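So in full-length UniProt numbering, spot 12 of the sequence shown is number 12, and the numbers just go up one at a time.
Yeah, the Cβ is synthetic: ideal placement off N, Cα and C, and Gly gets one too.
None of these values were measured; they are calculated from a predicted model.
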Amino acid sequence: MARRLSYSARYEHPAEKLYQAQMQRQYWDDLMEGFRELTPISHVEEFDSGSGGMRVVLQQTLTRDMLPSIAQTVMKKDMIITRVETLDAYDPARTAGTYTASIPAGPGSLTGDQELFDTETGCTIRKTTEVKVYLPFINGKLEQLMLVNLVDLFRGEAEFTADWVAANLA
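Here you go:
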């Protein structure tokens with residue numbers, strides 16, 4: 001059975017500024033540089049942006065010894081996480097996008113939709129995630145662990161994004 005999470009990050013900047021940030025490769029390179037404190041092997045694998053939107057492929061490696069013990073029972077090698085994020089063409093009312101995360105020979109999946117929209121005080125990015133683990137007996141524990149870590153990831157990325165926009169697009 002899949003588990004779902006809805007997470008919203010609120011910013012004081014307008015949606016167009018956040019969109020402009022995510023349309024720049026430098027934003028993603030800087031984000032991956034920040035991740036190197038936690039996952040030393042982190043980089044932008046692919047990046048494409050244009051009038052139709054943006055698509056980025058990010059890759060992070062967690063060495064097996066960095067994984068929680070329950071995850072080590074399933075993963076016998078380092079965990080290579082490939083994330084793909086997209087944003088459609090900018091729409092002042094609401095810009096949609098998607099994201100996925102995959103692990104080669106991984107025991108599950110992570111997919112999500114995201115939307116960027118203006119608010120009275122700035123803007124919000126809302127992410128709706130679904131995780132599924134296909135291992136009987138421990139699937140619920142692993143799904144919950146993934147969601148808890150995902151909230152931490154989204155929170156960290158929101159802080160990074162707010163600071164990056166203030167420093168680079170003010």
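Counting only runs of 3+ residues, the beta strand (DSSP E) found wholly inside the stretch 31-95 occupies 41-50, 53-62 and 79-88, in chain order.
Counted as a single uninterrupted DSSP element, the stretch harbouring Gln-114 is not any alpha helix (DSSP H) but the beta strand (DSSP E) occupying residues 108-119. In the DSSP annotation of this structure, the continuous segment of the alpha helix (DSSP H) that includes Glu-157 starts and ends at 139-168. Among the bridge pairs identified by DSSP, Leu-135 is matched with none. Partner residues in the beta bridge of Ile-125, as assigned by DSSP, are Ala-9 and Leu-116. Listed in chain order, the non-local C-beta contacts of Gly-52 below 8 Å within the same chain comprise Asp-88 and Ala-89, local neighbours out to five positions each way being set aside. The Cβ-Cβ distance between Pro-104 and Ile-80 falls below 8 Å. A check of alpha carbon separations from Arg-3 across Gly-156, Glu-159 and Gly-140 identifies Gly-140 as the nearest. Between Thr-73 and the set Ile-138, Glu-157 and Ala-167, the nearest pair of CA atoms involves Ile-138. Beta-bridge analysis with DSSP links Glu-130 to Arg-4 and Thr-111.
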